[in-house]
Amino acid sequence: MTITSTPTKAPLGNPVAQKASGLFKQRELGIVLALALLVAYTAIDNPRFLSGQSIRDNLLNTAILAVMATGQAIVVITRNIDLSVGSVLGISAFAVATLMSKNQDLPMIVALLVGLGVGAVAGLVNGVLVRYGKVPALVVTLGTLYIYRGITYSWAGGSQVNADELPRHFLTFANDSILGIPWLVLIALVVIAAGSIMMRNYRVGRELYAMGSSPAAAELAGIKVARNLLGAFVLSGALAGLAGVLYAARFGTVDAAAGTGYELNVVAAVVVGGVAVFGGSGTVWGAALGALLLTVIGSALAVLDINQFWQQAIVGALIILAICADRLVAFRIARSLRKRDAHV
Amino acid sequence: MLRSSRTLLSVGTAALLVTGLSACGGTTKDSASNSGGGAQVAASADPNAQAKEGLKIAFLPKQLNNPYSDVEVGGGKVAVGELKGEYKLVGPNDASASSQVSYINTLIQQQQDVIVVAANDPNAVCPSLNQARAAKIKVITFDSDASKDCRDAFINQATTQGIGESLAKMALEQAGGAGEIAVLSATPNATNQNSWIDVMKKELAKPEYSKLKLVKVAYGNDDDQKSFQEAQGLLQSYPNLKAIVAPTTVGIAAAARYISSSSYKGKVAVTGLGLPNQMREYVKDDTVKKFALWNPADIGYLAAYAGAAMASGQITGAEGEKFKAGKLGEYTIGAGGEIVLGPPTEFTKANIDEFNF
Amino acid sequence: MSDRVATLRSRLTSWDSIIVVLTVLVLVVASFSVDNFGTSRNFTFMVLDLLPIILIALPMTMIIVTGEIDLSVASTLGLTSSMMGWLWNQGLSIESIIPLCIVIGAVCGVVNGFLITGLGLPSLAVTIGTLALYRGLAFVVLGDGAVADFPFDYTGWVTGTIGGGAVPNVLILIVALALIFGIVQHATPFGRSLYAIGANAQAAHFSGIRVARTKFWLYVVSGAVAGLVGVLWTLRYASARADNGAGLELAVVAAVLLGGVSIFGGKGSLPGVLAGVVLLTALQNALRLEDVSGQALNIVTGTLLVLSVLLPNVTTAVRGNWQRRKLRQAAATR
Amino acid sequence: MAEANARPEDQPTRRDEQPAEAGDGTAAQPAARSGDRSGARSGDRPARLEVHDVAKSFGAVAAVQGVSFPLYPGEAHALVGENGAGKSTIVKMLAGVHRPDTGTLRVDGVDVDFGGPGDAKAAGIAVIYQEPTLFPDLSVAENIAMGNQPLTKLRQLDRKAMNANAERLFRRLGVPLDPARPARGLSIADQQLVEIAKALSSEARVLIMDEPTAALSAVEVERLFSVVRSLRDEGAAIMFISHRFEEITALCERVTIMRDGKHVATELVADLSVDDMIRRMVGRDLSALFPKQDVDPGEVVLEVEGLSREGVFKDISFSVRSGEIVALAGLVGAGRSEVMQAVFGVDPYDTGTVKLHGRRLKKGSPRAAMAAGMALVPEDRRQQGLVMELSIERNVTLPRARKLARLGLLFGGSERAHAHTWTQKLQTKLGRLSDAVGTLSGGNQQKVVLAKWLATGPKLLIVDEPTRGIDVGTKAEVHRLMSSLAADGLAVVMVSSELPEVLGMADRVVVLREGRVAARLERAEATEESVMYAAMGQEVAA
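Protein chains in written order, with my numbering: chain A, 1373 to 1716; chain B, 137 to 493; chain C, 7 to 340; chain D, 24 to 565.
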């Protein structure tokens, strides 16, 4: 039978749908706003919070976390998680510090490459186990969190690399600037920018979003899921390794415990930054903003002379607030879309 | 649903079970008699007893991989070698009392003769230490004491009074005789640091310190990064600060590192208690003019000798008993089983290269 | 008959039975080869060491079977420990503090449960948030201080044994709670519904199972048990501190997964989990007695965790490959 | 649509004259014939895609054995068979998801070995799956472009081109969708349309459609067919899988029939009657499809009054008496399932009342509905009806576990006995009760769902698309069962998109349109025209 009918649906370019996509962008705006409020309040209380030295300190402190958050955001977007980043930072920091203390003349670039390499190998192990061992990422990286840390402890055997054993140029790297921007901050900015552009404008980035949005559909769409997944884990590992080098350069003293418990900070930064834990949405620069917000809260509390014990509680409350906000936004979008489609 | 409320109920019942164990209702803080502590068999000392060889002496620092305690136990190892004993080092990766308890239990099982321990919590390790003592193991504390009733002797690196005075004196010197100073301590609860800071405050109340103003005591939790950030916070909050006094090796290193890399270098002095190896760089680049510390290796060394003397029956831990501690000479046990190492050493650019720990 | 055999075989080759066998093996081998392992005193020490993990693992198993997770348990433990110290300092009697602390734990669970089931937020993110929140509050309550002067009647009971013999007092508690949780999980309609929820929450909802409410109560129970463990922990170490039990959540999750519970929900058994906890504790204990450093324990724990999922996957894959090859050969000769 | 029982048996029945091995014969013969019919379209051209003697097993189950058939450029080829006949496995092999255990696939006469879906795509094969495979977080345009996104010179995504492309495709399909909106929240029909746009965008040389029309309205189906026809005329090879024979006759030239994983025949569609096809699919003759017996209705069991839910349905009222089957008809998206889910309490509603035997039911509580004697066999068996990983017995006893418990405790025996009784009653074909329910065929899974709910002893049975995606044989069994249940005094509400089923089974028909009751028809009034007229709210052109 043939039935003629005229479509009754809304015309193209519906304003509600456009508003819905606008809501996506508000998420990062929310963090910027929260950050601005916090800085303004703190600065009114103590104007030195806005001094050059203070801003520099905050950015330097954020750099390491932001580099790791970039890698973590990419992994989380694919609907996975990498809990081993703290341990990868530890093993990389110790490896690089040991190397540099034994070979005082090695240039900085070698240290950076070694850190990236160590991290990439650790990430590759994670990726292979997740993809080919079919072991959930949470389990794999919880396991390697223990394993990598154990390896570092066994290797270090209680020893420590002190600032005086490290070459001068390695230590000054953390504080040297180029055009007034410290190297550490510059590296973090480059990593964040590269990550953001890759995820937004390149095919592989969109494929990573697709994989997180619907893993089964990604396989069927012919996306090279294995390659991309390994890539995401290698990247996360490599960036944690890079963070290890930056850690060693900045703090000068490295023992086997370096970066213990960092994984929770990194995941917190990513979640606060608006990356959904079930993948498919969020941005790298949102995660970086999350890292900045968490760091600034820490230093603001110290400046505001608020009992430092509140810091952790505030971070926890912030994470919950962030996911509640995400939920609210998602709910609003769903409702606006439903209204649009509704015939009643 | 129904089922889960029942589960809840059973959990509650289990809790009541615990509660019901004390039939007398209402044990409060005031009514509780502190009856903890194993009854130690009173033994008499024989100063002339033969020093035993082959004693199993185990060191249990707050945590492994802490450079300061590494130096301490290093001294202990030397002493155990001199005593022809068996040296053992165990310890947790995190500075928590609960992991320490597991290690104490293991040492009991292994029937060590002496446990030399730096307690992460003065009370949490007590039950286990008392079990050890009940198993005829001598317990010596160093670095950080456990409750008096669960150890045989405590090696005190220096008297509280001495360190507090020394800190105040260095602060005055470094601040140039006047101005604001701040303290960057370990944890707000660290027994040692708090008692030193108390003495220091009493000193500061004296007329010769009247121009010094202690503006803040910050806590870096003996965590490198936290201490680093606290140092930043101090300078942001108190721009006129003249000196930071850090009575902890982690704190002083972190503060010195921050100052040396910031625009405050040369304007703000750092002093306190630190390890020469960690501080060498900052002393040489003039961030730090002077700091102090006892020789940590001597602590471990003395602890090993004290333990051996006790296990050999030469001493029991009673006040006034004397024993010989190898190269360090003769020591006398003070009140409450304390053995004081001696006065701290001050390190400056001139002498720092003579020390390697 | 062959039905039974096949069921039995599949049951015996499942990971939760392998882990039970492995655990027994480790216990037997260690008793013979490790000095001082098989002593009654060491048994007491081991029971005390596994007490917190095993108790928290009981509700955690249920939560993971429903496809959720609770990472805030160790922080709940810390918060109750802090509160216990604070209340004790306020002069409350220990008899009223203990139930109060369990209630505090349950309240922590209520907050988790509300955020997860009431607002529909992902449990992983929520409990990472409350992990930081509760631990932070613990520090707010007690700072870095410690409260230690709890009455010996209580601290002594936790570390003591029945009549001074070989059986630790807390073992009764462990056995009783494990029995209750085991029966609820494996032999009640409630337990059945947990598996249905974990495997397909929508189908469970369509079958009249109150999914949200069930999960909510699991979190409340999890919080209450964490509160109870907070009390026991405080009494065992005679020390109420804000950092008590830090990091324990990972050990518990590791033990539960090691016991064969699927992180995606719908699969797993309590006996497997109990074996997982015992295996981890016994291995650590034995290795420590053999003077293997604590660092190596990390590697063993992590490797076991990965293997617990990897091995079953690999065997299935190998079996499938082998079958396919046989088929191909059969086709080729045809 | 009504051919199934209306068409007289004018065509002689052909037995399976061509066994499976005779792949070459079947390939050559119809090709020549279709060449006769449509001139140059397929002619003597080689097959675009050839399936040659492939086999695939999952564990011990042989899903496909020795199947061969060719797809020619410019032809639309139907693949039919009961559920579990192996159609989806064939699709998945062609899509590169599964690799054949034995046998070969050939594209343009060359053997190919697909390592994954990417390889199949590269070979020009596009697949529309039964279940939509969209990325909910990405925009509609990105979904369509995924895999071959337009790039700028810097190899970055060209979003403008992407949106323009999507809009062009939607215009061609005549659907007003915004390319920039996220795919999340699209109705099933819209999702299916995006899938189709996706397949079109890849300009595939082979288009495989696995039941693409299940969720579409008649208008949308017609639009889809016209697009597919134009693709075919441009030289693409089309493979079309459907359970709706009228669609097969409308679109396809040739048909391949499969049964139990084996190839039965490949014939010209024009040479076969629908009954022929069914007979070959089932391998036996079928009795009448829709045997609802007339029963004198008893007292009112269910009363729904003024039920409304914002944005979903409004002011729905109807009642059902015992012994009666009331059908809820309407287009996909008219709100039929949503109404029944609200009645059962799975979904909430804003205003109105639901009464069972005169007693008002608690809102939003399936448990209260169950206690009052209601049962719901939901639309989506895999997501709503069953817990696939759990065993058959656990699934059957799931709503009854509380009743089966003694002193709150459950022991295996009572569950097993219960499950055994009910699966036997419904003649479910199964291996062991402890097997995961996911290992059963679609029809047997549906029987497990029915067993699960009939075991609760309901007074009112709601069945939502009771025969969707199950084979013809089981379909008849389900219909017979429903009829006999009604005869025993059960009140039944049936939601169905299949008009023949509605007309054959229902005592009364309630037609919904856009969330409102459009018509209430007695059995005598209900015809294809009257129901569709009400459902569409339009004139019906014959």
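Backbone N, C-alpha and C fix where the C-beta goes; we use that ideal spot for every residue, glycine too.
Determine whether the beta carbon atoms of residue i and residue j lie at a separation below 8 Å.
{"i": "residue 479 of chain B", "j": "residue 294 of chain B", "result": "yes"}
{"i": "residue 428 of chain B", "j": "residue 249 of chain B", "result": "no"}
{"i": "residue 210 of chain D", "j": "residue 356 of chain D", "result": "yes"}
{"i": "residue 99 of chain D", "j": "residue 251 of chain D", "result": "yes"}
{"i": "residue 319 of chain B", "j": "residue 381 of chain B", "result": "yes"}
Helix, strand or coil, according to DSSP, for residue i in the structure here?
{"i": "residue 183 of chain D", "result": "helix"}
{"i": "residue 76 of chain D", "result": "strand"}
{"i": "residue 417 of chain B", "result": "helix"}
{"i": "residue 1696 of chain A", "result": "helix"}
{"i": "residue 1541 of chain A", "result": "helix"}
{"i": "residue 225 of chain C", "result": "helix"}
{"i": "residue 199 of chain B", "result": "coil"}
{"i": "residue 429 of chain B", "result": "strand"}
{"i": "residue 262 of chain D", "result": "strand"}
{"i": "residue 344 of chain C", "result": "Any answer about residue 344 of chain C is impossible in this case: the structure gives chain C only from 7 up to 340."}
{"i": "residue 175 of chain B", "result": "In this prediction, residue 175 of chain B scores a pLDDT of 41, lower than 50, which makes its location untrustworthy; the coordinate-derived value is nonetheless stated afterwards. Residue 175 of chain B falls in the coil class under three-state DSSP."}
Assuming residue i and residue j are in contact, meaning their beta carbons sit under 8 Å apart, how far apart are those beta carbons, in whole angstroms?
{"i": "residue 259 of chain B", "j": "residue 301 of chain C", "result": "Rounded, the Cβ-Cβ distance is 28 Å, inconsistent with contact."}
{"i": "residue 1509 of chain A", "j": "residue 1452 of chain A", "result": "4 Å"}
{"i": "residue 1573 of chain A", "j": "residue 180 of chain D", "result": "5 Å"}
{"i": "residue 440 of chain B", "j": "residue 273 of chain B", "result": "Going by Cβ atoms, the distance from residue 440 of chain B to residue 273 of chain B rounds to 15 Å, so no, they are not a contact pair."}
Given this structure, state the Cα-to-Cα distance separating residue i from residue j, to the nearest angstrom.
{"i": "residue 332 of chain B", "j": "residue 299 of chain B", "result": "6 Å"}
{"i": "residue 1628 of chain A", "j": "residue 1521 of chain A", "result": "8 Å"}
{"i": "residue 120 of chain D", "j": "residue 140 of chain D", "result": "6 Å"}
{"i": "residue 383 of chain D", "j": "residue 321 of chain D", "result": "20 Å"}
{"i": "residue 86 of chain C", "j": "residue 112 of chain C", "result": "10 Å"}
{"i": "residue 278 of chain D", "j": "residue 351 of chain D", "result": "33 Å"}
{"i": "residue 409 of chain D", "j": "residue 1438 of chain A", "result": "44 Å"}
{"i": "residue 242 of chain B", "j": "residue 163 of chain C", "result": "21 Å"}
{"i": "residue 397 of chain B", "j": "residue 1670 of chain A", "result": "20 Å"}
{"i": "residue 1519 of chain A", "j": "residue 538 of chain D", "result": "58 Å"}
{"i": "residue 525 of chain D", "j": "residue 1402 of chain A", "result": "53 Å"}
{"i": "residue 480 of chain D", "j": "residue 428 of chain D", "result": "17 Å"}
{"i": "residue 264 of chain C", "j": "residue 445 of chain B", "result": "48 Å"}
{"i": "residue 232 of chain B", "j": "residue 84 of chain C", "result": "13 Å"}
{"i": "residue 388 of chain B", "j": "residue 1528 of chain A", "result": "24 Å"}
{"i": "residue 1469 of chain A", "j": "residue 288 of chain C", "result": "36 Å"}
{"i": "residue 399 of chain D", "j": "residue 143 of chain D", "result": "41 Å"}
Buried or exposed for residue i, please, with buried defined as at least 16 other CB atoms from any protein chain shown within 10 angstroms of its CB.
{"i": "residue 96 of chain C", "result": "exposed"}
{"i": "residue 1446 of chain A", "result": "buried"}
{"i": "residue 198 of chain C", "result": "buried"}
{"i": "residue 328 of chain C", "result": "exposed"}
{"i": "residue 1540 of chain A", "result": "exposed"}
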